[in-house]
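Chains as they are written, first to last, in my numbering: chain A, 34 to 118; chain B, 619 to 993.
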């Protein structure tokens with residue numbers, strides 16, 4: 034079993050505390066920079082969009098089957114309103 | 619007759635040890651947990667079967683086990699020891715990860731960093747128990763709750779502990795729903811658990827494309843050691859978000875990651891031969907791993923509470939627990955604990971932000987430890 038004094042000595046010799054602090058600081062700095070970039074990215078992209086507008090996604094053109102379904106739905110709706118159905 | 623007796627002497631029955639039997643029982647337990655409890659089945663099942671394979675006693679003179687030069691298993695294991703498999707798995711993870719939740723709430727990224735405190739405090743614990751600094755770093759990474767990252771760093775810093783570290787990492791990842799809730803409940807009040815998060819904003823396609831490129835440059839410039847892991851993660855994400863490489867993204871997130879997962883899980887399982895695995899060191903690694911997970915969870919929750927001291931828009935501190943990068947299990951746990959308190963409070967989407975930030979954070983931490991330990 035590790036003696037308390039020996040254990041502490043090993044931590045000191047292995048530079049455990051400085052490594053832990055440095056490591057945590059670097060991780061937080063890296064993620065902090067990434068978070069800051071994410072935060073300002075929408076603003077940058079708004080300026081960019083003035084020069085190069087973002088293309089709007091093209092909706093797929095309805096095919097023949099969709100037209101038929103739409104026509105059937107419209108006919109049913111119209112019939113219901115007229116009191117036929 | 620002599621030939622028969624000689625042959626019987628070469629069988630597994632004649633050479634098996636109690637240690638091998640114990641490891642085979644552990645392998646069977648993993649398989650049972652995977653099938654009956656659905657605990658990380660994609661990993662526990664290959665690891666469990668690999669553990670059985672690895673503990674069938676080898677015959678002298680035949681290259682069979684992962685540690686025998688020239689054996690088939692040694693070639694499969696080469697992908698583990700050389701650190702090839704983890705970045706390939708990260709490619710697939712990147713291709714299936716949606717960073718939108720994180721991009722819509724940048725402050726939640728910091729929670730993914732805070733949870734990495736488990737890694738660095740466990741490093742201190744490892745040193746205390748007599749491990750070398752390199753070994754302690756490799757053990758500490760278990761707290762990153764990221765199997766491929768743990769394997770990658772262990773292969774670089776302490777290859778002789780790789781089996782124990784990998785098994786500990788994946789075991790605790792499977793036990794996230796058991797380990798995390800008590801810590802989350804202990805460190806938060808009911809009022810805090812009831813905090814509702816604002817709905818995430820819509821993220822544009824341009825943001826989703828630019829993010830992996832810029833985040834990679836930032837992470838790799840600050841911690842070059844993270845390059846293989848973060849690079850492949852964000853490359854995979856770019857394949858997905860660019861929408862012009864759908865075939866590549868589709869392959870990376872399905873067939874490719876599945877193949878590597880099979881090879882990785884099986885090879886790691888087969889490396890757990892009783893003679894190398896059943897040591898007092900392995901027990902200490904399991905103890906430190908549990909501690910690392912607990913500290914990581916507490917670190918994330920407490921950091922969220924700290925942010926709340928300075929912020930008008932309060933963060934539900936449960937989200938901090940998702941900073942450990944067990945994706946998506948820890949995010950699900952956050953949802954589960956929040957939901958138990960208020961059935962109308964849906965935290966899952968918000969928890970994905972620190973969760974995926976934790977993946978990047980643990981990869982950066984691994985890169986830092988690698989570069990600090992080799993220099």
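For each residue, glycine too, the CB sits at the ideal point set by N, CA and C.
Just so it is clear, the structure is predicted and the values come from calculations on it, not from any experiment.
Exercise. Is the shortest distance between the beta-carbon of residue 825 of chain B and the beta-carbons of chain A less than 9 Å?
Worked result: Indexing the second chain from 1 puts residue 825 of chain B at position 207. Yes, residue 825 of chain B lies at the interface with chain A (some Cβ there is under 9 Å from its Cβ).
Exercise. Taking residue 851 of chain B as the reference, which of B/969, B/861, B/837 has the closest Cα?
Worked result: Position 233 of the second chain, counted from the first residue, corresponds to residue 851 of chain B. Ranking B/969, B/861, B/837 by CA distance to the CA of residue 851 of chain B puts B/837 first.
For this session: Starting from residue 62 of chain A, find everything on chain B with Cβ-Cβ shorter than 8 Å and list it in chain order.
Result: For the purposes of this step, residue 62 of chain A is taken as residue 29 along the first chain, with counting starting at 1. Contacts between residue 62 of chain A and chain B, judged by CB atoms closer than 8 Å, involve 840 in chain order.
Exercise. Quick one: which chain B residues come within Cβ less than 9 Å of residue 87 of chain A?
Worked result: Counting from 1 along the first chain, the entry for residue 87 of chain A is found at position 54. The contacting residues are 822, 823, 824.
Exercise. Under 9 Å between C-beta atoms, does residue 967 of chain B make it to chain A?
Worked result: For the purposes of this step, residue 967 of chain B is taken as residue 349 along the second chain, with counting starting at 1. Residue 967 of chain B has a beta carbon lying at 9 Å or more from every beta carbon in chain A.
Exercise. Run through DSSP, which three-state label would residue 57 of chain A get?
Worked result: Translated into the one-based positions of the first chain, residue 57 of chain A becomes position 24. Look at residue 57 of chain A here: in three-state DSSP terms it is helix.
For this session: Give the straight-line distance between the Cα atoms of residue 687 of chain B and residue 79 of chain A, rounded to the nearest whole angstrom.
Result: Here residue 687 of chain B is taken as the residue at index 69 of the second chain, counted from 1. Here residue 79 of chain A is taken as the residue at index 46 of the first chain, counted from 1. CA-to-CA, the gap between residue 687 of chain B and residue 79 of chain A works out to about 59 Å.
For this session: Would you kindly check if the distance between the Cβ of residue 745 of chain B and the Cβ of residue 975 of chain B is under 9 Å?
Result: Position 357 of the second chain, counted from the start, is the residue given in the question as residue 975 of chain B. Position 127 of the second chain, counted from the start, is the residue given in the question as residue 745 of chain B. The Cβ atoms of residue 975 of chain B and residue 745 of chain B lie no closer than 9 Å to each other.
Exercise. Candidates B/683, B/655, B/734: which alpha carbon is nearest residue 673 of chain B's?
Worked result: The residue given as residue 673 of chain B occupies position 55 in the second chain. Of the listed residues, the one whose Cα sits closest to residue 673 of chain B is B/683.
For this session: Report yes or no: do three or more beta-carbon pairs, one from the segment 897-906 of chain B and one from the segment 918-932 of chain B, lie closer than 8 Å?
Result: Contact between the segment 897-906 of chain B and the segment 918-932 of chain B is absent: fewer than 3 CB-CB pairs across the two stretches fall below 8 Å.
Problem set entry | Enclosing alpha helix (DSSP H) for residue 685 of chain B [first to last residue] | In the second chain, residue 685 of chain B corresponds to position 67, counting from 1. First-last for residue 685 of chain B: undefined, no H or E at that position.
Problem set entry | Top-ranked residue by Cα proximity to residue 936 of chain B, from B/807, B/709, B/841 | Taking the second chain and counting its residues from 1, the one referred to as residue 936 of chain B is at position 318. Comparing Cα positions, the closest option is B/807.
For this session: Please check if any C-beta of chain A sits within less than 9 Å of the C-beta of residue 725 of chain B.
Result: Looking up residue 725 of chain B in the second chain gives position 107. So yes, residue 725 of chain B belongs to the interface.
Exercise. Cβ atoms of residue 844 of chain B and residue 857 of chain B: under 9 Å apart, would you say?
Worked result: Counted from its first residue, the second chain places residue 857 of chain B at position 239. Counted from its first residue, the second chain places residue 844 of chain B at position 226. Not in contact: residue 857 of chain B and residue 844 of chain B (Cβ atoms no closer than 9 Å).
For this session: State the DSSP-derived secondary structure class of residue 672 of chain B, mapped to helix, strand or coil.
Result: Taking the first residue of the second chain as 1, we reach residue 672 of chain B at position 54. Residue 672 of chain B falls in the helix class under three-state DSSP.
Exercise. How many angstroms separate the CA atom of residue 61 of chain A from the CA atom of residue 726 of chain B?
Worked result: Against the first chain, residue 61 of chain A aligns to sequence position 28. Against the second chain, residue 726 of chain B aligns to sequence position 108. Cα to Cα, the separation comes out at about 12 Å.
Exercise. Of all the CB atoms in chain A, is at least one closer than 9 Å to the CB of residue 978 of chain B?
Worked result: By 1-based counting over the second chain, the position of residue 978 of chain B is 360. Output row for residue 978 of chain B: interface = yes.
For this session: Return helix, strand or coil for residue 869 of chain B, following the three-state DSSP convention.
Result: Your numbering for residue 869 of chain B matches position 251 in the second chain. In the structure shown, residue 869 of chain B falls within a helical segment according to DSSP collapsed to helix, strand and coil.
Exercise. From which residue to which residue does the alpha helix (DSSP H) around residue 767 of chain B run?
Worked result: Residue mapping note: residue 767 of chain B aligns to position 149 of the second chain, counting from 1. Per DSSP, residue 767 of chain B belongs to the alpha helix (DSSP H) from 765-775.
Problem set entry | Contacts that residue 983 of chain B makes with chain A (C-beta to C-beta distance below 8 Å) | In the second chain, residue 983 of chain B corresponds to position 365, counting from 1. By Cβ distance, chain A contributes 56, 60.
Exercise. Are the beta-carbon atoms of residue 776 of chain B and residue 783 of chain B separated by less than 9 Å?
Worked result: If you number the second chain from 1, residue 776 of chain B lands on position 158. If you number the second chain from 1, residue 783 of chain B lands on position 165. Yes, they are a contact pair.
For this session: Please list, in chain order, all residues of the same chain as residue 647 of chain B whose beta carbon is under 8 Å from its beta carbon, the five residues on each side excluded.
Result: The sequence position of residue 647 of chain B within the second chain is 29, counting from 1. Closer than 8 Å at Cβ, skipping near neighbours: 666.
Exercise. What is the rounded straight-line gap between the Cα of residue 57 of chain A and the Cα of residue 42 of chain A?
Worked result: Counting from 1 along the first chain, the entry for residue 57 of chain A is found at position 24. Counting from 1 along the first chain, the entry for residue 42 of chain A is found at position 9. Distance between the alpha carbons of residue 57 of chain A and residue 42 of chain A: 22 Å.
Exercise. So residue 854 of chain B packs on residue 712 of chain B, CB below 8 Å; how close in whole Å?
Worked result: Along the second chain, read from residue 1 onward, the residue named residue 854 of chain B stands at position 236. Along the second chain, read from residue 1 onward, the residue named residue 712 of chain B stands at position 94. Taking C-beta atoms under 8 Å as the contact rule, residue 854 of chain B and residue 712 of chain B qualify, at a distance of about 3 Å.
For this session: Tell me, please, whether the CB atom of residue 970 of chain B is closer than 9 Å to any CB atom in chain A?
Result: Looking up residue 970 of chain B in the second chain gives position 352. Using a Cβ-Cβ cut-off of 9 Å, residue 970 of chain B does not count as an interface residue toward chain A, since no Cβ of chain A sits closer than that to its own.
For this session: Starting from residue 748 of chain B, find everything on chain E with Cβ-Cβ shorter than 9 Å and list it in chain order.
Result: Although the question refers to chain E, the structure presented lacks it and instead comprises the protein chains A and B.
Exercise. How would you label residue 48 of chain A, buried or exposed, when you count the other beta carbons within 10 angstroms and need 16 or more for buried?
Worked result: Working through the first chain from its first residue, we reach residue 48 of chain A at position 15. Residue 48 of chain A should be labelled exposed.
Problem set entry | Three-state secondary structure (DSSP) of residue 114 of chain A | Here residue 114 of chain A refers to the residue found at position 81 when the first chain is read from its first residue. Of the three classes helix, strand and coil, the one that applies to residue 114 of chain A here is helix, per DSSP.
For this session: Please check if any C-beta of chain A sits within less than 9 Å of the C-beta of residue 730 of chain B.
Result: Along the second chain, one-based indexing puts residue 730 of chain B at 112. It does; some Cβ of chain A falls within 9 Å.
Problem set entry | At least 3 beta-carbon pairs within less than 8 Å: the segment 970-984 of chain B vs the segment 944-953 of chain B | The segment 970-984 of chain B is in contact with the segment 944-953 of chain B.
Exercise. Does any C-beta atom of chain A lie closer than 9 Å to the C-beta of residue 645 of chain B?
Worked result: One-based indexing of the second chain puts residue 645 of chain B at position 27. With 9 Å as the cut-off, residue 645 of chain B does not count as an interface residue toward chain A.
For this session: Would you list, in chain order, the members of the segment 833-862 of chain B that have their beta-carbon closer than 7 Å to a beta-carbon of chain A?
Result: 833, 836, 837, 840, 841: these are the residues of the segment 833-862 of chain B whose beta carbon lies less than 7 Å from some beta carbon of chain A, given in chain order.
Exercise. Terminal residues of the continuous alpha helix (DSSP H) containing residue 655 of chain B?
Worked result: Counted from its first residue, the second chain places residue 655 of chain B at position 37. Per DSSP, residue 655 of chain B lies in no alpha helix (DSSP H) segment and is marked neither H nor E.
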